[in-house]
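Counting in the numbering used here, the sequence shown runs from 83 upward without gaps. Glycine residues also receive a C-beta, built at the ideal position from the N, C-alpha and C atoms. Data first, discussion second: the structure below is written as structure tokens.
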Amino acid sequence: MPTNLQVFRGQGLSMEDFENMKKTKGGLMSFNNFLSTSRNREISFKNFARPAALNTNSVGILFIMNIDAAICTKSSTPFAE
Numbered sequence: 083m084p085t086n087l088q089v090f091r092g093q094g095l096s097m098e099d100f101e102n103m104k105k106t107k108g109g110l111m112s113f114n115n116f117l118s119t120s121r122n123r124e125i126s127f128k129n130f131a132r133p134a135a136l137n138t139n140s141v142g143i144l145f146i147m148n149i150d151a152a153i154c155t156k157s158s159t160p161f162a163e
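Set out below in structure tokens:
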């Protein structure tokens with residue numbers, strides 16, 4: 083497994099949730115659910131972020147996550163590639 087891993091997650095957010103997220107810029111985010119990602123940016127963008135952006139009530143988001151796999155193997159948090 084590579085030491086550093088970059089994964090992507092595309093999703094839609096309501097306008098209200100997006101405004102709240104902008105207020106936390108530079109801060110810590112946590113997810114209380116299973117987080118599905120892809121190593122392929124285009125898959126996450128085309129299949130999840132872009133369709134959400136076509137809805138006038140939502141915003142398409144593309145999360146880019148850089149993971150230090152060395153830290154993940156030492157923690158008790160489940161992680162799979």
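Counting the other CB atoms within 10 Å of its CB gives F90 a total of 16 or more, which places it among the buried residues. With contacts defined as CB atoms closer than 7 Å, L144 and A131 qualify as a contacting pair. S126 sits buried, since 16 or more C-beta atoms from the chains shown fall within 10 Å of its C-beta. Under the DSSP definition of a beta bridge, G92 partners with L144.
Rounded to whole angstroms, the separation of the alpha carbons of F100 and T138 is 13 Å.
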